[in-house]
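Residue numbers (our numbering), protein chains in the order written: chain A, 1434 to 1593; chain B, 14 to 777.
First comes the structure, then the notes that go with it.
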């Protein structure tokens, strides 16, 4: 079957089998290998992408489900080559080591950023609890998301 | 210009945060075939029949291969880490006749896609005749041998004795004995293992991309198994999603994929999934200890004695490194005049044991720190006080503890261990709370302190090969490939300092056998010690090489030249100067390669002492354990990059907390079947359960290497188990809970409480 959707701001039409997973189609057919498969049953969160702005597990979604929807992957987070706040904060806080799980964290973090709410560390830890990381021990990830989200929120408050 | 010591962000990161990383699973050359593995469903069985025909008929299947179809590679793997004490048990790439653990490869399918390959796996028919599974190393020692041709299941016996050993216990005023158990931990790098093998039939060269911690060792093993010259194989470790020791050795799937890529003359890719990670990648910890400590009334240690079993699983892929390192790690930072350890390595019908972060260090630390706590309790002494009494003092250091390890007598260098411990004791307000019962609603609070001695590096060599690139940058290649440690940044910092160049002018290449001829790899917290010092050595020779070349150009003597900020000039004649880019240009015209290679040889391991302190809250209705505060003080030697060191320390500590509180692969004792082989049932620490860590560092330069570096990747994982267990016991004093079995779960605590706790003092 043929599906049409928007991926990282670009219209995409792709031929898929009904049982193909969104993660596989993004990686294999569209070459977007940023998202990773760490468990393939929705626990580790390394495959997280945004669908119409909401985080979803691309390993638990069929490609056919995204017809007509907007998908954002880690490759789509930087705009015009400029890293978004979460990406920048991840580098500054050493929030990644091997980097395999990082795309999922960045997508989740970007979702939190887009909510525009001030979050305390406990709330951030709770919000990140759907993503597993084996290298960092999470502290620097929480530092990074805290900085990115609260900086953004502070700016928003100033603008109001 | 000093880069060493700076909190520099990583040169690795921009690619990785934009999805541009290239991990093995991201690499799929055109025409790639996909391999999937038929794995044993039984822990122990004879294969009575293997029928590949249905699978072969599936559309899109290229081939299905049992042991008879891959005869050229059906030989045992060469033993990893040969040891005279060990009778190695090495697997063949596919099981022949008998399977020895759930997950052992039985056959493989190659197909046009992974979807088809997995479907075909289900169509392979294997008939098994189940045999009794050996699942307990203690009983298993005398059970029928699980390997054909073996006399027994005892693969090795390890024995160490210092002073009068166990005989010295008679001189003690009090002897305390305890049984300790560490669960079977699955290391779980977030990237499962995988390989892509590409054969060039014209040149007869094989290239593989593999997420391995040592490309040169991998190449050697692959060459042995394939019967191919090493010079025909290139191994590249691209971005690698965590290793933690599990990716140090070659595995059956690697050889099968490479062999079939050559045979089919098509790229072959195997990408393991998480379930395969649970049932085919080396596992660790999994020990049973019966340990004794003899002390004087004043708290001084007379002797420590430990008998233990390593549940080795079915094979010995990395020899006895885990069990051996356990024994040599027990004495830790303490003065132990008499010591004896006897360890038995017993093969069982489980996934093989191989190094996972710490590789025995955490086990040894757990034994010693638990003994200290129990001895203090039995003496009626404070648990920190007994440590104060027995920690080595600065005037006793350097200290030889009587153990020979890694080819050298263990020599603990100078440090101020008491000061390190007191930093943590103060920070966590231990003295203030130690005699009080603290409650918050249904929660009871408790504090635990544990010390450790981190042994790092110390074996073999590692190299650094410097080369001037055409644009004047200096490339440094090393065999120590990374899996997230930030080598390119840290080695770059060392090189920039030692060459006197801007950091931006350095480019580090790792994980490619084509970039440097020899190498060992990344494990045992060795890279900064080994590759870091090799870089320093190479910098010296590289400068001389460039100065000699420039001297020819200037028709001057090398002694009359100056090297400053990447420019070589004639002393006193500033106009006569060439930048490294200009020198590179000159070298190009003269067809000269400006390069220099140096190898650093270890003279023995580095040692750093540290302390962890934890405050837990335990819910007295649900027995849930929460971590409220966590303090760390550790000795990093000369620290190259504090940002990266903190990352290693916290990351290691969280893995230790996983071992303490959550992680154990539960194996059914009768069938040998894993009961929780999924992330839904096997709990890894998550962001929500983990605390913020407060870390302080002390820096005692290590005397075994010119730069004074120490490894820092395994200190974090060593003491959390003992510290958490101590804190839980402290919180639950009223119930006499004893936390000697890992992981310590709410269920275990509940059962102990309902049974009235552990009242016996166990002193003899």
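Cβ coordinates follow ideal geometry from the N, Cα and C atoms, glycine included.
Identification of chain B residues near residue 1525(A) by a Cβ-Cβ cut-off of 7 Å yields 22, ordered along the chain.
Pairing residue 393(B) with residue 1548(A), the inter-Cα distance amounts to about 56 Å. Counting of Cβ neighbours within 10 angstroms places residue 616(B) among the exposed residues, the total staying below 16.
A distance of 8 Å or more separates the beta carbons of residue 646(B) and residue 383(B). Every beta strand (DSSP E) stretch that sits fully inside the region 81-165 of chain B and reaches 3 residues is listed by chain position as 118-124 and 138-143. With respect to the C-alpha of residue 21(B), the residue from 129(B), 700(B) and 652(B) having the closest C-alpha is 652(B). Under a criterion of Cβ atoms nearer than 8 Å, the residues of chain A adjacent to residue 204(B) are, in order, 1469, 1471, 1531 and 1533. Straight-line spacing of the CA atoms in residue 106(B) and residue 236(B) works out to 14 Å. According to DSSP, residue 707(B) shares a beta bridge with 644(B). Around residue 61(B), the same chain offers 140, 141 and 142 as residues with beta carbons nearer than 8 Å, after the five sequence neighbours per side are excluded. Contact between residue 168(B) and residue 361(B) fails: their C-beta atoms lie close to 10 Å from each other, not under 8 Å. Any Cβ of chain B closer than 8 Å to the Cβ of residue 1497(A) would place that residue at the interface, and such an atom is absent. In this structure, residue 93(B) sits away from residue 181(B), with a CB-CB distance that is not shorter than 8 Å. Rounded to whole angstroms, the separation of the alpha carbons of residue 548(B) and residue 572(B) is 23 Å. Around the C-beta of residue 295(B), 16 or more other C-beta atoms lie within 10 Å, and the residue is accordingly described as buried. Residue 675(B) and residue 201(B) have their C-alpha atoms spaced approximately 13 Å apart. Note on the region 174-237 of chain B: whole beta strand (DSSP E) runs with a minimum of 3 residues are 187-199, 207-213 and 218-223, in chain order. The beta carbon of residue 283(B) is closer than 7 Å to those of 48, 207, 208, 266 and 270 in its chain, skipping five residues each way along the sequence.
For residue 432(B), the enclosing alpha helix (DSSP H) has its first and last residue at 430-440. When C-beta atoms of the region 411-430 of chain B are compared with those of the region 687-704 of chain B, fewer than three pairs fall below 8 Å, so the two segments do not count as touching.
Boundaries of the alpha helix (DSSP H) around residue 1537(A): 1535-1548. A direct Cα-to-Cα measurement between residue 710(B) and residue 222(B) gives close to 38 Å. For residue 1481(A), none of the residues of chain B pass the 8 Å Cβ criterion, the least Cβ distance being about 12 Å. Per the C-alpha coordinates, the member of 540(B), 485(B) and 530(B) positioned closest to residue 519(B) is 485(B). Listed in chain order, the non-local C-beta contacts of residue 1576(A) below 6 Å within the same chain comprise 1526, local neighbours out to five positions each way being set aside.
Residue 1448(A) places its beta carbon less than 8 Å from that of residue 1435(A). When CB distances to chain A are screened at a threshold of 9 Å, the residues of the region 28-51 of chain B falling below it are 28, 29, 30, 31, 32, 33, 34, 35, 36, 38, 39, 40 and 41, in chain order. If you ignore the 5 residues before and after residue 1497(A), its C-beta comes within less than 7 Å of the C-beta of 1434, 1436, 1449 and 1451, all in its own chain and listed in chain order. Burial is judged here by how many other beta carbons sit within 10 angstroms of a residue's own beta carbon; residue 688(B) has fewer than 16 and is exposed.
Within the region 345-413 of chain B, the runs of alpha helix (DSSP H) at least 4 residues long that lie entirely inside it are, in chain order, 374-392 and 396-403. In the DSSP annotation of this structure, residue 309(B) is not part of any alpha helix (DSSP H), being labelled neither H nor E. Residue-level contact by beta carbon holds for residue 201(B) and chain A, with a gap shorter than 8 Å. For residue 722(B), the beta-bridge partners assigned by DSSP are 650(B).
Look at the beta carbons and you see the region 389-405 of chain B not touching the region 153-165 of chain B: under three pairs across the two are nearer than 8 Å.
Under the criterion of beta carbons closer than 8 Å, residue 364(B) and residue 292(B) qualify as touching, at roughly 6 Å. Remark: fewer than three beta-carbon pairs, one from each stretch, lie closer than 8 Å, so the region 272-281 of chain B and the region 163-177 of chain B are not flagged as touching.
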